[in-house]
Every structure is written in C-alpha cells, then in structure tokens.
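K.L.:
In this note's numbering, the protein residues as written are 269 to 615.
Quick look at the structure:
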C-alpha cells in the first residue's frame, strides 16, 4: 500500500511538475475579531491546456484531526455560485451575521469533522477567472475535467492528504441575494487577505451568470455507475426546501429501483427528532430528510459526523459493518441536496 501511494505521488509529480502553486495562509480577516481560530489557505490552481483557467479555492483544515480526518472537495451550486457562499452561509467555520462587516464562528461547521476545499467552479464563479475569452466558456463535462485537474495539482502541493479518505460534495444553491456580503467580498483589505489577484475579477457576484452549457440532463446513470463500483452516497433534503422539494428527491431515488435495506425510521439528536433516514442497496446510498430544514440545511453537522463514522455512531445496527470500515474505500463520494449531479472526475 505504501509503495502504491508513493508511486502515485511520483506520477502526479511528473505529470504536473512546475505547474502547482502553493497557497497563502490567512491569519486575519476584516470583520472577524482577532486571529482566525482555524487554518485557512487560499490560492489559485491553473487548469486547461495552457492553464488559461485559474481556479480560486479556500482550504480549511479539520479542527479535529486533520492527519486522519476525511478531505472533502465542496462545490457550491448554480452553477455559478461562489465557494465563499458555501463557506460563509452554509458549512464553513465562520458565518456572516448580516452587519457590515462582522463575522462570527459557526458552531455547526463541517470542518469540525473534515478538512474542506471550497472550490470556485466552473470558471467565472467567484474569484476564478480565465485569461482568454474562449477559456471563459464552460460546460458540465469541461467543469468535471477542470475539477479532476485541480485535485491532481492540489495533491502535489499537499501530499500529506493523499492517504485521507476523499469526499466530493456540493449543493444546488440558487439561493437568495445577501447584498451586504457583496461589500465585504469587494473590500480591498478582504481581497488582500484572501490573496485575490488584482485586476482579474471586478465586482464579486455570489451567484454569477456564466457562459455555461448544461450537457448532462439525466444524472441517474452516473449514480448507478458509482454505486455499482462500491462508492457510497449521502443524499439529503430539507422538508421545507421550496427549491428542490424532498418529494422530488424521494421520487428521484425511487427511480433507481434499489433494494431498500433499511426502511424509513426517525433520526434523533439530543432526544429530539431531527429527520428521517432511508438506507438502500446494501447501505451504499443513504438518504436523509431533515425536519424543519430549507435548501442548504447548514445545521447538519451531526448527520455528516455519523455518516463518516468519526465519533462512534455505530448504533446504526444495519450499517455497522459498512459505515465503520470507511478506510477500506479509496474514495467515497457524497451528493448533497442535488437533483442535478456534477459528474466530477475521480482521482
């Protein structure tokens, strides 16, 4: 196993030698009082034939045990919604409280369980940019290829994470506009702290309109292919989601005609019902319906923690042997609150 990982790393090094760029560490951010109590790295990774697409990312190490905790690549929806939206309004360690500008800590951050790369994908999203007009045009398949290239190059600069379980997730976020956050993201001190390259992006847009072609109309074959290869999926919907209703998600899962291993049952947290859970096809697909949650359901840290088995959640009788031996899988994929699936390339 060790030799395999070494050979893989050397292969990556040969393929992309000279092209990976180290990120910058952010210690302070305007709007947050004092030094950041978590490790934040920002940077760009060039992809495409001539690296004419520069993808912006924000990497936050797990606040628990980054040496062994899972690594997650997170892509916010749209397509065209910035990774900053996912970081600040959804699952990141700090959240925007609506004043100008003030950040506070998020007690439900998924970085308490995993290290997360928030990626501005596809090109034109957030602070990601293109050096030519042609490179600014994108599509489903091209975005997946860019994500694949990004991961390869990112691992060259971060080989210490090659042995960590890898998750790929995102949400379908055409969310509301939060105008004051635009002023924060466009502030010169904020951009300097985040190492945003000057002159590459004008006004920051939380959810931008892109030159983008949707080529994948039906995502079911992608799910079926991944399940047939043994990759697990976590799918969740809020029962108050008016953008992608939980009834639609249930109908979509039902269309797979998977065998139901564990029928609907309540999922409790602190002696309160937090939602319902359904396990299908030998627990390769787990679906949560979160009670009282909306489209992005940010307060669902317990769900993620149980699913990746980091805090002894193995009272799930039907899932014990599968969920708690996660390191036997070289890659685990999650599709979070998504009717439309990003066909992201697998490392």
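Each residue gets a CB set at the ideal place from its N, CA and C atoms; glycine is no exception. Nothing here was measured: the structure is a model prediction, and the numbers come from that model.
Excluding the 5 residues flanking residue 324 on each side, which residues of the same chain have their C-beta closer than 7 Å to its C-beta?
P.N.:
Excluding positions up to five away in sequence, the list reads 312, 388, 394, 395, 396.
K.L.:
Considering only residues of the same chain and omitting the five flanking positions on each side of residue 523, which have a CB-CB separation below 7 Å?
P.N.:
Answer for residue 523: 488, listed in chain order.
K.L.:
Tell me, to the nearest whole angstrom, how far the beta carbon of residue 310 is from that of residue 326; I am working on the premise that it is less than 8 Å.
P.N.:
Confirmed, about 5 Å.
K.L.:
Counting only C-beta atoms, is residue 485 closer than 7 Å to chain D at any point?
P.N.:
Note that chain D does not occur in the displayed structure, where there is just one protein chain.
K.L.:
Which one or two residues does DSSP pair with residue 311 in a beta bridge?
P.N.:
Paired residue(s): 325.
K.L.:
Using DSSP with H/G/I as helix, E/B as strand and the rest coil, what is residue 574?
P.N.:
Helix.
K.L.:
Tell me whether residue 424 sits in a helix, a strand or coil according to DSSP, three-state version.
P.N.:
Note: residue 424 maps to helix in three-state DSSP.
K.L.:
By DSSP's criteria, residue 519 is part of a beta bridge. Which residues make up the other side?
P.N.:
According to DSSP, residue 519 bridges with nothing at all.
K.L.:
Taking the beta strand (DSSP E) that residue 384 falls in, what are its first and last residues?
P.N.:
That run of the beta strand (DSSP E) goes 383 to 387.
K.L.:
I need the DSSP call for residue 502, collapsed to helix, strand or coil.
P.N.:
Three-state DSSP puts residue 502 in a strand.
K.L.:
Could you give the first and the last residue of the continuous beta strand (DSSP E) run that contains residue 357?
P.N.:
It is not in any beta strand (DSSP E) - residue 357 instead sits in the alpha helix (DSSP H) that spans 351 to 357.
K.L.:
Classify residue 392: buried if its beta carbon has 16 or more other beta carbons within 10 angstroms, exposed otherwise.
P.N.:
The residue is buried, with at least 16 neighbouring Cβ atoms inside 10 Å.
K.L.:
Hey, residue 406 and residue 390: beta-carbon distance below 7 Å or not?
P.N.:
Going by C-beta atoms, residue 406 is nearer than 7 Å to residue 390.
K.L.:
Quick one: what does DSSP say residue 331 is sitting in, helix, strand or coil?
P.N.:
In the structure shown, residue 331 sits in coil (DSSP, three-state: anything other than H, G, I, E or B).
K.L.:
Please classify residue 333 as buried or exposed, where buried requires at least 16 neighbouring CB atoms within 10 angstroms.
P.N.:
By the neighbour-count rule (16 or more Cβ atoms within 10 Å), residue 333 is not buried but exposed.
K.L.:
Give the secondary structure of residue 430 by DSSP, where H, G and I count as helix, E and B as strand, and everything else as coil.
P.N.:
Correct three-state label for residue 430: coil.
K.L.:
Please classify residue 419: does DSSP put it in a helix, a strand, or coil?
P.N.:
The answer is helix: DSSP assigns residue 419 an H, G or I state.
K.L.:
Can you tell me the Cα-Cα spacing of residue 320 and residue 460, whole angstroms?
P.N.:
Taking the straight line joining both Cα atoms gives about 23 Å.
K.L.:
Pick helix, strand or coil for residue 293, following the three-state DSSP scheme.
P.N.:
In this structure, residue 293 counts as strand in the three-state DSSP scheme.
K.L.:
Could you give the first and the last residue of the continuous beta strand (DSSP E) run that contains residue 372?
P.N.:
Here the beta strand (DSSP E) through residue 372 covers 371 to 373.
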